[in-house]
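*Asks:* Take this structure first; my questions come after.
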Amino acid sequence: MALLEAHAAVTPSRLWNKNFILSFSISLMGSLVFYMLLTSMAAYAVISFGAGQAAAGFASSSFVLGAVVSRVPAGKYLDFIGRKRVILLSSIIQILLSLAYIPTGTLDLFIAVRFLHGFAFGFNHTATSAAVQTVIPPHRRAEGTGYFGMATSLAMASGPFLAVTVSASHGYQPLFYICATIAVVASLLSLLLTLPENPPSAEQRADKWRLTPSSFLEKDTLKTSSVMFFAGLVYSVVMAFLGSYAEAIGASEAAGWFFVALAAAMLICRSFVGRLQDKYGDGWVIYPAILIYAASLAVLTFAHGEFAIVVAGALVGAGFGTLLPAVQAVCVADALPARYGVVVSTFFIMLDLGTAIGSVVLGALEPVVGQRGMFGVSTFVVLFGLLVYWAGRRSVAQGR
Numbered sequence: 166m167a168l169l170e171a172h173a174a175v176t177p178s179r180l181w182n183k184n185f186i187l188s189f190s191i192s193l194m195g196s197l198v199f200y201m202l203l204t205s206m207a208a209y210a211v212i213s214f215g216a217g218q219a220a221a222g223f224a225s226s227s228f229v230l231g232a233v234v235s236r237v238p239a240g241k242y243l244d245f246i247g248r249k250r251v252i253l254l255s256s257i258i259q260i261l262l263s264l265a266y267i268p269t270g271t272l273d274l275f276i277a278v279r280f281l282h283g284f285a286f287g288f289n290h291t292a293t294s295a296a297v298q299t300v301i302p303p304h305r306r307a308e309g310t311g312y313f314g315m316a317t318s319l320a321m322a323s324g325p326f327l328a329v330t331v332s333a334s335h336g337y338q339p340l341f342y343i344c345a346t347i348a349v350v351a352s353l354l355s356l357l358l359t360l361p362e363n364p365p366s367a368e369q370r371a372d373k374w375r376l377t378p379s380s381f382l383e384k385d386t387l388k389t390s391s392v393m394f395f396a397g398l399v400y401s402v403v404m405a406f407l408g409s410y411a412e413a414i415g416a417s418e419a420a421g422w423f424f425v426a427l428a429a430a431m432l433i434c435r436s437f438v439g440r441l442q443d444k445y446g447d448g449w450v451i452y453p454a455i456l457i458y459a460a461s462l463a464v465l466t467f468a469h470g471e472f473a474i475v476v477a478g479a480l481v482g483a484g485f486g487t488l489l490p491a492v493q494a495v496c497v498a499d500a501l502p503a504r505y506g507v508v509v510s511t512f513f514i515m516l517d518l519g520t521a522i523g524s525v526v527l528g529a530l531e532p533v534v535g536q537r538g539m540f541g542v543s544t545f546v547v548l549f550g551l552l553v554y555w556a557g558r559r560s561v562a563q564g565r
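Just remember that the numbering used here sits 165 ahead of the position in the sequence shown, which is counted from 1.
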């Protein structure tokens, strides 16, 4: 109770306060680098190291692997190190790693740098996502989480465009310098943060080096965020196969507009849906978001032209883009401030795991049922996620 009262005492009444704006900006910087490099490093590996398609794909995705691995220790040790300190140190490390790409001379070393860069990004993202929850007024939790998630949406929309433009005009080395400069800006912004820290309790210190599931994962968050595992599975397969699917049905020009529609719908929905969630309740937002997400896969399954592809992109943005911050807000609302780091880490572990294996697991269906069938199965995977979310929330409620 004392912890809750102390947290309430330092939480500002305004949503767009200094620390929220700084946290939003730092998240935008990190996500911008993530999307700039994610969409360009496979091609860089082919050009610079003569990598095959499989090796180039792994070189690109090793960043994501590093981010997933970092989530586990980040949640547990965030408050031992200090939230502001983690954000600052991980931002500085990202400066060095952005520059480390330039002298890298072998594919193996390049993959190692990618993994370490992803690890630093994961620590930074976990710390920033946990810290921002301490400066959002509790009665505007969903709205604030939605606005904060718009940083990722903006990066998703602009990062790939910047990467393609810079690499096509000036090559890849200037791209790395730009990423390093962005990380410098993030480091400077982190110096301005004044965050409420959460010193570990005596019990937490005693368990500092004890490696138990409960020290890395939050049980109630696992129940609630399991839906994000299934959402991530499907999102991954859409990202991996959309381009080839659009080409196969004679709508290749619509593939680019799919992502434009996705980003636009995501930005629009995140600008107001959080307010609806705070006012009317979680279920009024989350269940429709899951159904819209499922509808996007159904549209893809039966698509026969460019218009359907663009509509599907808008529905993915509205469904998946709403679901992510909405479920995260529920998870945080269930927890004590002292567990925010573990809660955020658990949430993103579920999402990242699904995203990491989705194109492999669901993609394995493609030779058997074709791409239409693969998207059809994905529709039911999303609907199964709805049942998982309902069961998880019921279990959390019964456990109180």
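Note that CB positions come from ideal geometry on N, CA and C, so glycine has one too. Everything numeric in this text was worked out from a predicted model, so none of it was measured.
Cutting at 7 Å between CB atoms, please list the residues of its own chain near Arg305, excluding the five before and the five after it.
*Replies:* Answer for Arg305: Leu180 and Asp443, listed in chain order.
*Asks:* Beta-carbon within less than 6 Å of Ala587's beta-carbon, same chain only, minus the 5 sequence neighbours each way: which residues are those?
*Replies:* Lying outside 166 to 565, the shown extent of the chain, residue 587 is not represented and no answer is given.
*Asks:* Roughly how many angstroms separate the alpha carbons of Ala221 and Ile276, rounded to a whole number?
*Replies:* Answer to the nearest angstrom: the Cα atoms are 9 Å apart.
*Asks:* Suppose the cutoff is 7 Å on Cβ atoms and the five residues either side in sequence are ignored; what does the same chain contact list for Ile347 look like?
*Replies:* Closer than 7 Å at Cβ, skipping near neighbours: Met194, Leu197 and Val198.
*Asks:* Leaving out five residues before and five after Gly311 in sequence, what residues of the same chain have Cβ atoms less than 7 Å from its Cβ?
*Replies:* Closer than 7 Å at the Cβ level, and outside the excluded window around Gly311, lie Arg435, Val438, Gly439 and Pro490.
*Asks:* Going by beta carbon distance, what residues of the same chain come within less than 7 Å of Val508, once the five residues before and after it are set aside?
*Replies:* The residues are Glu383, Thr386, Cys496, Val497 and Ala500.
*Asks:* Quick check: the Cα distance between Val229 and Asp447, rounded to an integer number of angstroms?
*Replies:* Distance between the alpha carbons of Val229 and Asp447: 29 Å.
*Asks:* Less than 7 Å separating the beta-carbons of Ser355 and Arg279?
*Replies:* Contact flag unset, no.
*Asks:* Verify whether the separation of the beta carbon atoms of Ala232 and Gly287 is less than 7 Å.
*Replies:* The answer is yes: Cβ separation under 7 Å.
*Asks:* Rounded to the nearest angstrom, how far is the Cβ of Ser255 from that of Ala292, given a contact under 8 Å?
*Replies:* Confirmed, about 7 Å.
*Asks:* Closest to Ile246 by C-alpha separation, out of Phe189, Thr544 and Ala296, would be which residue?
*Replies:* The shortest Cα separation from Ile246 among Phe189, Thr544 and Ala296 belongs to Ala296.
*Asks:* Leaving out the 5 sequence neighbours to the left and right, which residues in its chain are closer than 6 Å to Ile455 when beta-carbon positions are compared?
*Replies:* So the list reads Leu551, once near-sequence residues are dropped.
*Asks:* For a test of the three-state rule: what should DSSP assign to Asp154, helix, strand or coil?
*Replies:* Nothing can be reported for residue 154, as the shown portion of the chain is limited to 166 through 565.
*Asks:* Could you check whether Ala430 and Ile474 sit closer than 7 Å to each other, using their CB atoms as the reference points?
*Replies:* No, Cβ-Cβ distance for Ile474 and Ala430 is not below 7 Å.
*Asks:* Applying the criterion that 16 or more other CB atoms from any shown protein chain within 10 Å of the CB defines a buried residue, is Val402 buried or exposed?
*Replies:* Val402 should be labelled buried.
*Asks:* Is the Cβ-Cβ distance between Tyr209 and Tyr337 less than 7 Å?
*Replies:* Yes; because the gap between Cβ atoms is below 7 Å, this pair is in contact.
*Asks:* Going by other Cβ atoms of all chains shown within 10 Å of its Cβ, with 16 needed for buried, is His290 buried or exposed?
*Replies:* Result: buried.
*Asks:* Got a sec? Which residues, its chain only, sit under 6 Å from Lys249 by beta carbon, not counting five neighbours each side?
*Replies:* Within the same chain, Lys249 has close Cβ partners Leu358 and Leu360.
*Asks:* Rounded to whole angstroms, what is the Cα-Cα separation between Val546 and Arg504?
*Replies:* Those two C-alpha atoms are separated by around 30 Å.
*Asks:* Would you give the residue range spanned by the alpha helix (DSSP H) that Ile514 belongs to?
*Replies:* That run of the alpha helix (DSSP H) goes Tyr505 to Val526.
*Asks:* By the 10 Å Cβ neighbour count, where 16 or more other Cβ atoms means buried, how is Pro502 classified, buried or exposed?
*Replies:* Its Cβ being crowded by 16 or more others within 10 Å, Pro502 is buried.
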